[in-house]
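Sequences listed follow chains A, B, C, D, E, F, G and H, in order.
Position 188 of the first sequence, counted from 1, bears residue number 188 in full-length UniProt numbering, the numbering being contiguous throughout.
Position 111 of the second sequence, counted from 1, bears residue number 111 in full-length UniProt numbering, the numbering being contiguous throughout.
Position 6 of the third sequence, counted from 1, bears residue number 6 in full-length UniProt numbering, the numbering being contiguous throughout.
Position 149 of the fourth sequence, counted from 1, bears residue number 149 in full-length UniProt numbering, the numbering being contiguous throughout.
Position 141 of the fifth sequence, counted from 1, bears residue number 141 in full-length UniProt numbering, the numbering being contiguous throughout.
Position 126 of the sixth sequence, counted from 1, bears residue number 126 in full-length UniProt numbering, the numbering being contiguous throughout.
Position 142 of the seventh sequence, counted from 1, bears residue number 142 in full-length UniProt numbering, the numbering being contiguous throughout.
Position 26 of the eighth sequence, counted from 1, bears residue number 26 in full-length UniProt numbering, the numbering being contiguous throughout.
Here a beta-carbon is modelled for each residue, glycine too, at the ideal position from N, C-alpha and C.
What follows is one structure encoded as structure tokens, with my remarks underneath.
8 protein chains.
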Amino acid sequence: MANFNIDHDRENRNGFPEVVYGAEKSVGDLTKIMEHFVAKNKNVLVTKLQKKKIRALLKEYPKAEVDLEAGILILNRLKKIKGEPEVAIISAGTSDIRVVNEAYHTLKFMGVRSKTIKDVGVAGIHRLLSRVAELKEFKVLIVVAGFEGALPTAVGGLLPQPIIAVPASVGYGVSRGGKVALNSMLASCANGIVVVNIDNGYGAAMAALRILNLSVK
Amino acid sequence: MANFNIDHDRENRNGFPEVVYGAEKSVGDLTKIMEHFVAKNKNVLVTKLQKKKIRALLKEYPKAEVDLEAGILILNRLKKIKGEPEVAIISAGTSDIRVVNEAYHTLKFMGVRSKTIKDVGVAGIHRLLSRVAELKEFKVLIVVAGFEGALPTAVGGLLPQPIIAVPASVGYGVSRGGKVALNSMLASCANGIVVVNIDNGYGAAMAALRILNLSVK
Amino acid sequence: MANFNIDHDRENRNGFPEVVYGAEKSVGDLTKIMEHFVAKNKNVLVTKLQKKKIRALLKEYPKAEVDLEAGILILNRLKKIKGEPEVAIISAGTSDIRVVNEAYHTLKFMGVRSKTIKDVGVAGIHRLLSRVAELKEFKVLIVVAGFEGALPTAVGGLLPQPIIAVPASVGYGVSRGGKVALNSMLASCANGIVVVNIDNGYGAAMAALRILNLSVK
Amino acid sequence: MANFNIDHDRENRNGFPEVVYGAEKSVGDLTKIMEHFVAKNKNVLVTKLQKKKIRALLKEYPKAEVDLEAGILILNRLKKIKGEPEVAIISAGTSDIRVVNEAYHTLKFMGVRSKTIKDVGVAGIHRLLSRVAELKEFKVLIVVAGFEGALPTAVGGLLPQPIIAVPASVGYGVSRGGKVALNSMLASCANGIVVVNIDNGYGAAMAALRILNLSVK
Amino acid sequence: MANFNIDHDRENRNGFPEVVYGAEKSVGDLTKIMEHFVAKNKNVLVTKLQKKKIRALLKEYPKAEVDLEAGILILNRLKKIKGEPEVAIISAGTSDIRVVNEAYHTLKFMGVRSKTIKDVGVAGIHRLLSRVAELKEFKVLIVVAGFEGALPTAVGGLLPQPIIAVPASVGYGVSRGGKVALNSMLASCANGIVVVNIDNGYGAAMAALRILNLSVK
Amino acid sequence: MANFNIDHDRENRNGFPEVVYGAEKSVGDLTKIMEHFVAKNKNVLVTKLQKKKIRALLKEYPKAEVDLEAGILILNRLKKIKGEPEVAIISAGTSDIRVVNEAYHTLKFMGVRSKTIKDVGVAGIHRLLSRVAELKEFKVLIVVAGFEGALPTAVGGLLPQPIIAVPASVGYGVSRGGKVALNSMLASCANGIVVVNIDNGYGAAMAALRILNLSVK
Amino acid sequence: MANFNIDHDRENRNGFPEVVYGAEKSVGDLTKIMEHFVAKNKNVLVTKLQKKKIRALLKEYPKAEVDLEAGILILNRLKKIKGEPEVAIISAGTSDIRVVNEAYHTLKFMGVRSKTIKDVGVAGIHRLLSRVAELKEFKVLIVVAGFEGALPTAVGGLLPQPIIAVPASVGYGVSRGGKVALNSMLASCANGIVVVNIDNGYGAAMAALRILNLSVK
Amino acid sequence: MANFNIDHDRENRNGFPEVVYGAEKSVGDLTKIMEHFVAKNKNVLVTKLQKKKIRALLKEYPKAEVDLEAGILILNRLKKIKGEPEVAIISAGTSDIRVVNEAYHTLKFMGVRSKTIKDVGVAGIHRLLSRVAELKEFKVLIVVAGFEGALPTAVGGLLPQPIIAVPASVGYGVSRGGKVALNSMLASCANGIVVVNIDNGYGAAMAALRILNLSVK
């Protein structure tokens, strides 16, 4: 008895290829699911994979592109992305890199070019201020932050684009697990900031895609 | 000593007029703030006002447009909005009406036409299914839900646009206060749903505005 | 001094054989408890066993039937189950499989036939809609879901049977641990959904058994 | 623009008449919704009504049957219920009466006879023990409890029927709001207890109805 | 029997006059406590008073200085404060005014001059940046913020003084009650920010006093 | 149909008269319950009564002894208590008085003499230290505290008797509702401190009674 | 520099020997602390030790008495305990054994004899009822329970002695970590139950000791 | 592409060298960041390092000073600190040592001499009382406590200096993770206690530095 029934129709319905959530699936089940995609000659993106499972899957699919820290595995990607980056993925530093990269790879998989800007935390606000002009050129801003999650508020007060805030499970004590950053972003005084689940770089990328598709029309 | 220092420059900076959060301000302070706007010949939108304070402010500003349930007061609105609605504000029923209307009035204040669709809860999924074609015509979908907050997940699986989910503090027991709906939306299996604070119809409208501005470019 | 005192009378009192909760018991204590059952020539079901403890118990009882992922060990099962399945165990996909299988094995142990249906998440609602006719044939529906836990709400709006919702500890960020799915199910807008503890596939099966016993009378 | 779109088809779909949740609806909206039902010559059950709103609605519908404490209003009920009660609604005492009565009235509205048994708290366990024989005669047991919520556990160990546990928001300190009773019921050591939302007497009645419908077949 | 036993020795012990916490004391008990102070010819500061109780106490002590919003009553204050303000009390706007004023009046009661600066929220960061030079002149900075509580982080990155962050119970949804602002301040990326309880303007003032006493030595 | 079934046998079973919890019962139900006691010529203690309900009950029972702040009503008390107080009820000040008095009145009702000592908070530790000799004379110590709840820890380090800690819902911000005091007492470094529910002066008195009964034997 | 300063005076002050909390101390620090006791020819009880640290300490002190599951190490115990057990330690089954044994060993260390009774969960209430007569003989009852923590409530309704409830971190889903059992015990409808921290068998034993010392006088 | 952009200007701006938060950074990223500091001939302090990462970094920088328990690595420290200690770091015992040492090393890195005093828990209050005279000599007191976190309250009642309370994640049951100690400190009855994040010895040291800089002026 098959353990899954893939929604291959989704791409027709709302324009997005299905993506596989890997955290609680066994390597065995993941391999079977990937075979279905491969058999249909489709690209595969698997997210939230533990390092151990990535290494096991690499043995089956040695050509897969992976990011061990971000828990990402991509198979058979075809598109070349050209032009200027449309999305900026902004963060305060290297601690958030897992989440930044999950968004980055998802956008690449979806055919969207993005740029990561990792050095603009609120505790040194001049670093953000000096890049406002550059940031104005992007269509969508994804802002990743852990600890107190103040960065999207500062960005939102300075820039007019759609801003997708991603809380990161970075920090200790009250901020362990990312709930403080999440709530901080939801409670932001800045106008029209929207938020996704903690560590959900993938979801932020998909939200950006929904917005970019609109601007294409 | 003045109790405030209005950010009149914001409109230049990111394109949005400043809006006044009314919940914790006294009628006296609100009147002084509104005078500043009036003196500069600017429109005023005040949100989260208690009914008692709306009634007091109406005595000062009898021409103000108000929505007692939604806690909204608008002064001196000038723009006429034409054309087809660009935003659909979707909800499950009449219990969410406060939040739906906060989004609706904010969009109107910002010059954006929207349509409210209030009868499409997940417990009777055929009502949503029968309106998919109609919903495809909007640029942005704002989805309001209380209780278990499942509606944005269903909408997200059926439609490709940007979807802004707004949890409403509607329900009792575990769902009192709206945290369950909030978390449910953040944890949604549907792709690329973004979320704002509980009852934040205003914020959802501003997020829609950020997106619509993009599509104008 | 014996560490336990088995309630062998329970079967007379309310019709259910006693089942052993294995999570916090040592292999030594578990073996002693199992010996009591064996000595009385009774069947044994042990739940919530860590893999390591299952492997240790298998050395003692090589004929035991086990499910490593679901944490189940069954000894000496005698009944053959015939006829059509009476219970459907519905879930969104392969991530919930641990919990689905705990319910499945418990029902089998109790002499009840069930069918698992694993491909019907709310984010692709057509998959559920296409199986409504099939689902109408079951007496009881057990619905397992992690993340936002919306599936029982959709099922409850479409089908008239008793529906037992089981939240699964599947997801990350706000949904890690299963509390969001639990609260979502408790707050469901659908009528008459009942809920058991997070990951409690066993409890859902026992609740189904209480209901099925009733329909037999 | 109408604020609602009643799901009159629900009764065909899963056999239950729609019920109106009254807590966050205005008297104006409630009146409009009730008119729709009246116009179609249908019965109406409204739940979770504040006393003030019940009194206002009574002016419009002086023949309505109401329970001020339980927040219930019933219009135009036709069925006479005969025979022995099928459901027992068990509680520890008079503090839970709001919730007990919500279940009782809902069952009556649905055409099911029930009996309330209000004197059997765990702190005086002999009261429950002395009624076990009587309780065995009911098809379904609804058990309401506040404070520590231990009653369903005791009932579940003594009786074999389907048991629907309803946590009541009765108590102070840690038990204020009913969360302790809820979690206590979810964590129960007794087999196959199922649970509904805090104070959800209505939901327990609907779950009982789903079960009774099954035993009718 | 007297309901209290005032710690008149505290001033000797650690240099601070005792202050009366008024929230849960009756007007009768408060009057008796104040009489003790008056009898010893001492100043009295009462905090967290409900408006109703302030009005009742004013009848007894018509010369008392009160702040209805801040819940403060001061009796018999003698000191004149000269010189430049030593403490700046910074906030984002008029919603936090209760808390700002509690700190302000407490400092005045203790003989410390302070200045309130109420217009420098992070969502319009230029307002803060334009006042950095002015803020450098104060010995201690008290920073009050509700909602997401980001202001102390921004201040902490720009200025070297001791910074005492005070979360305010200002906001709705996730930020209602002030927990988000509190956690945000505790989790701040800025160095050496210290925090007091939600709405504790009094405590922030006392902490400033401990620091100022040190710099006097 | 009677709404209650009093456990008159309890006194035989474990030596305690039944006490009526008043918070969620209506005046009507309370009057009926009290009549049962009166008819059997028994004393009545009702706890957790709202002021409004006490005033209504006083009209029926003008001879009842009441404490409006503590929410207590006592009917027909007969025993005279002689001898030295056996229990000390210790607290930090007048804010906790509701809870202190609930314990005091319950003990008096049960025939136990107690003394209240209200001026010994940890922030002025010398006040506690100066009374250690006096406190050694009591058999049981009940210690009430709100805010951070540190008092039982200090008492527990100084004195060898049974210590029953009662958290009081006194404080604001993080300490509103009494959870901080509760957890603080549960986590105490002092040996053998036991704890009852927040505001449960009644429960502390009953626990003291269980202990005193033991020492009588 | 020594990392500790043992409170050797405690025994004089309140009659209890100091006990060492081992969870967060290193083996090195523990060895130094134990040497202090040994040098003074005193007994040592160390609690909450990880298995790994017990094994390391056993190499230093091969004569120590240990309980690996309960995390206990005892050195140099001298007293022989005679007579009938004074304390009963009651639990529902073998899952709670860690906590039961921590209480048991602590009492033994303090010179108090106790008996463990492990088979009396509420889900099979007859097991408890059949032992009421036996339980009446003990001076103090310690009741350990995980999951829903209902056992102390049942015991409290049947027996008049001091009852110390100990929540155990036994269970999964909502009951993982023991908070449900804790709150359930605090909210108990039974009179005069007192509670200690989750898993605090040691604290329950010390509380029993405080009570037994009293009855000795 | 570099993963970081160090804020080398911070020292000019507010007088503090930048410190590296190590918990979520990889060894690779940490090495690159450290190289930047080394290249500029600057000191480096890295905090919250897992032991494994400290050992890996020691291979690269064998001269680094490390504290494995406290998770600290310091490179190239130059200053010699003279004179009397200005800061006392007070704690209850050896369990808090990680946090005490993080504060100690940070102060040393910043050129401030401090003294640790580890034996003064509230459960044995005489130990604290006997050192009050000694403690009066320090300019700033850092007070670390786990469990119920009562120590800062006691210190605050006895001493007039600035007091920075640091909750430690020491304890089990309700106190696991340090939230109880944190809330206890925030809710303290003692005047003017300020608090930092759980386990944030580093932040307490930086706050002390802000205060000491002030007293230098």
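Distance check between E/Leu57 and each of E/Gly93, E/Lys42, E/Met34 places E/Met34 closest, using alpha-carbon atoms only.
Counting the other CB atoms within 10 Å of its CB gives C/Glu86 a total of 16 or more, which places it among the buried residues.
With respect to F/Ser184, F/Gly149 sits close: the two C-beta atoms are nearer than 8 Å.
Of all residues in the UniProt domain "PurE" (85-217) of chain C, only Pro167, Ser169, Gly177, Gly178, Lys179, Leu182, Val196, Asn197, Ile198, Asp199, Asn200 place a beta-carbon less than 9 Å from a beta-carbon of chain G.
For F/Phe37, none of the residues of chain G pass the 7 Å Cβ criterion, the least Cβ distance being about 16 Å. Burial check for E/Arg176: the Cβ neighbour count within 10 Å reaches 16 or more, so the residue is buried.
For C/Tyr21, the three-state secondary structure derived from DSSP is strand. For E/Ala23, the C-beta contacts it makes with chain F under 7 Å involve Tyr172, in order along the chain. The beta-carbon distance between G/Val196 and G/Gly203, rounded to whole angstroms, is 4 Å. This is short enough to meet the 8 Å contact definition.
For E/Ile125, the closest of A/Gly22, A/Arg55, A/Cys189 by C-alpha to C-alpha distance is A/Cys189.
A straight-line Cα-Cα distance of about 11 Å links B/Leu107 and B/Leu45. With 16 or more neighbouring CB atoms inside 10 Å of its own CB, A/Val19 falls in the buried class. Using a Cβ-Cβ cut-off of 8 Å, A/Lys53 does not count as an interface residue toward chain C, since no Cβ of chain C sits closer than that to its own.
With distances taken between CA atoms, B/Gly22 lies nearest to E/Ser95 out of E/Ser95, E/His105, E/Leu141. The region 141-148 of chain A makes contact with the region 163-182 of chain A: 3 or more CB pairs, one atom from each, lie closer than 8 Å.
In the three-state DSSP reduction, C/Pro62 falls in the coil class, being neither helix nor strand. Chain-ordered, the chain B residues with CB closer than 8 Å to the CB of D/Asp29 read Thr94, Ile97. Proximity to B/Lys179 across B/Ile164, B/Leu75, B/Ile198 peaks at B/Ile198, based on C-alpha coordinates. Using a CB distance cut-off of 8 Å, E/Lys42 does not count as an interface residue toward chain F. Within chain E, the residues placing a beta-carbon under 8 Å from that of B/Lys48 are Tyr172, ordered along the chain. Residue pairing from DSSP places D/Ala165 in a beta bridge opposite D/Val143, D/Val195. In the assembly as shown, B/Gly93 is a buried residue. Its beta-carbon has 16 or more other beta-carbons within 10 Å.
In the DSSP annotation of this structure, the continuous segment of the alpha helix (DSSP H) that includes G/Thr106 starts and ends at 97-109.
When C/Lys53, C/Lys52, C/Lys63, C/Lys48 are compared, the shortest CA-CA separation from C/Val38 is found for C/Lys63. Within the DSSP bridge table, the entry for H/Val46 names H/Val20, H/Leu73 as partners. Per DSSP, A/Ile90 is one residue of the beta strand (DSSP E) stretching across 87-91. Around the Cβ of B/Ile81, a 10 Å sphere holds fewer than 16 other Cβ atoms; the residue is exposed. Ranked by Cα distance from A/Phe138, the first of A/Leu159, A/Pro152, A/Leu151 is A/Leu159.
For E/Ile211, the three-state secondary structure derived from DSSP is helix. In the DSSP assignment, the residues bridged to G/Thr116 are G/Ile89. Here D/Glu69 is not near D/Arg113, since their CB atoms are 8 Å or more apart.
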